[in-house]
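Only one structure is covered here, and it is reproduced in the block below.
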Amino acid sequence: MPTKKAEAIWKGDLKSGNGTMKLESGSYEGKFSFATRFEDKSGSNPEELIGAAHAGCFSMAFSNELDKAGFTPNSVETHAEVTIDGGAGAITTIKLITKGDVPNIDNDKFQEIAEAAKKGCPVSKALAGVEIKLEASLGN
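Next comes the structure, spelled out in structure tokens:
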């Protein structure tokens, strides 16, 4: 597997400084600041990039686990909510909210496979120090 790269540049002190983050692929470049990270101001932040990575990874892992179990998903849509405690300087929780359109599966099996995908997702493994919650719903 290739090594994926990203970069960030920060200028100034924590509260009044600002920076940019970008992906090697060129598919994303965004500005961020203390206010966009801790005060809900408009702009990007590292946590939403972690959320996007986790949602994407989980959706792929879940689709793969469903397929391995004999269920071909029409779609898997995942949203991630990343909570940071600025005072503690830590990401405390990531909640994955996923909806799958999967023919011929019952909810118990769907939930079982969703939990396995959460545990097996490479980004989940990388974030093992964070509580990762899952809310999965089956909808056709």
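Take 71 as the starting number for the sequence shown in this note's numbering and just add one per residue.
Positions of the beta carbon are idealized from the N, C-alpha and C atoms, including for glycine.
Check whether the Cβ atoms of residue i and residue j sit closer than 8 Å, and answer yes or no.
{"i": "Ala186", "j": "Glu135", "result": "yes"}
{"i": "Val146", "j": "Thr162", "result": "no"}
{"i": "Leu204", "j": "Lys188", "result": "yes"}
{"i": "Leu197", "j": "His124", "result": "yes"}
{"i": "Gly126", "j": "Ile164", "result": "no"}
For residue i, does the count of other Cβ atoms within 10 angstroms reach 16, so buried, or fall short, so exposed?
{"i": "Gly84", "result": "The displayed chain sequence assigns Leu, not Gly, to residue 84. So Leu84 counts as exposed."}
{"i": "Lys81", "result": "exposed"}
{"i": "Pro72", "result": "exposed"}
{"i": "Asn174", "result": "exposed"}
{"i": "Thr142", "result": "exposed"}
{"i": "Ser95", "result": "exposed"}
{"i": "Ala206", "result": "buried"}
{"i": "Ser115", "result": "For the record, residue 115 in the displayed sequence is Asn; it is not Ser. Under this definition Asn115 is a buried residue."}
{"i": "Ser97", "result": "exposed"}
{"i": "Gly170", "result": "buried"}
Residues in the same chain with beta-carbon distance under 7 Å from residue i, minus the five sequence neighbours each way, listed in chain order, please.
{"i": "Ala105", "result": "Lys111"}
{"i": "Pro192", "result": "Cys127"}
Taking DSSP's pairing of strands, which residues face residue i in a bridge?
{"i": "Lys203", "result": "Lys165"}
{"i": "Thr148", "result": "Thr168"}
By Cβ distance below 8 Å, which residues in the same chain neighbour residue i in space, the five residues on each side in sequence not counted?
{"i": "Ala139", "result": "Lys179 and Ile183"}
Excluding sequence positions up to five away, which residues of its chain have a Cβ less than 6 Å from the Cβ of residue i?
{"i": "Ser103", "result": "Asn88"}
{"i": "Thr90", "result": "Ile79 and Lys101"}
Are the C-beta of residue i and some C-beta of chain D separated by less than 8 Å?
{"i": "Pro192", "result": "No chain D is part of this structure, which consists of one protein chain only."}
If you measure from the CB of residue i, is any heavy atom of the ligand NAP nearer than 7 Å?
{"i": "Gly156", "result": "Within the structure as shown, the ligand NAP is missing, as the structure has no ligands at all."}
Segment contact, 8 Å Cβ cut-off, at least three pairs: the stretch 98-117 with the stretch 129-144: A contact between stretches requires three or more CB pairs, one per stretch, nearer than 8 Å, and the stretch 98-117 fails this requirement with the stretch 129-144.
Do three or more CB pairs link the stretch 174-184 to the stretch 151-160 at distances below 8 Å? Short answer: they don't touch.
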